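Numbering (UniProt numbering), first residue to last: 1 to 101.
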């Protein structure tokens, strides 16, 4: 005879997995905001920019943003709109980075 499935425990496991995925997504988005230097912006400014980006229907503008984002992730453009990328606290500058005195 087959062992009956425990649907409650399977549902709990799926709910836990969904919660973990959501938490990971939130962490990843926070890391992206920090990596781009957008954490220096006011929350209202950042929210407004994201709302404009989400509502964008111009394909040319969206393609420009996509290319710039792809270049960022490939390391070709690590400078933000506010200037060079900041060194995370507690880390030493890499070779070639400006030395801080």
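Every residue, glycine too, gets a C-beta built ideally from N, C-alpha and C.
Note that the structure is predicted; figures quoted are calculated from it, not measured.
Review point. Considering only C-alpha positions, which residue in the set 16, 52, 2 is nearest to residue 8?
Key: 16
Point to revise | Sub-8 Å separation of residue 42 and residue 33 beta-carbons | key: no
**Study point:** Terminal residues of the alpha helix (DSSP H) in which residue 27 lies
**Key:** 7-36
Check your understanding: Roughly how many angstroms separate the alpha carbons of residue 36 and residue 19, rounded to a whole number?
Key -> Rounded to whole angstroms, residue 36 to residue 19 spans 26 Å at the Cα level.
Review point. Do residue 62 and residue 56 have their C-beta atoms within less than 8 Å of each other?
Key: yes
Review point. Is residue 64 helix, strand or coil by DSSP?
Key: helix
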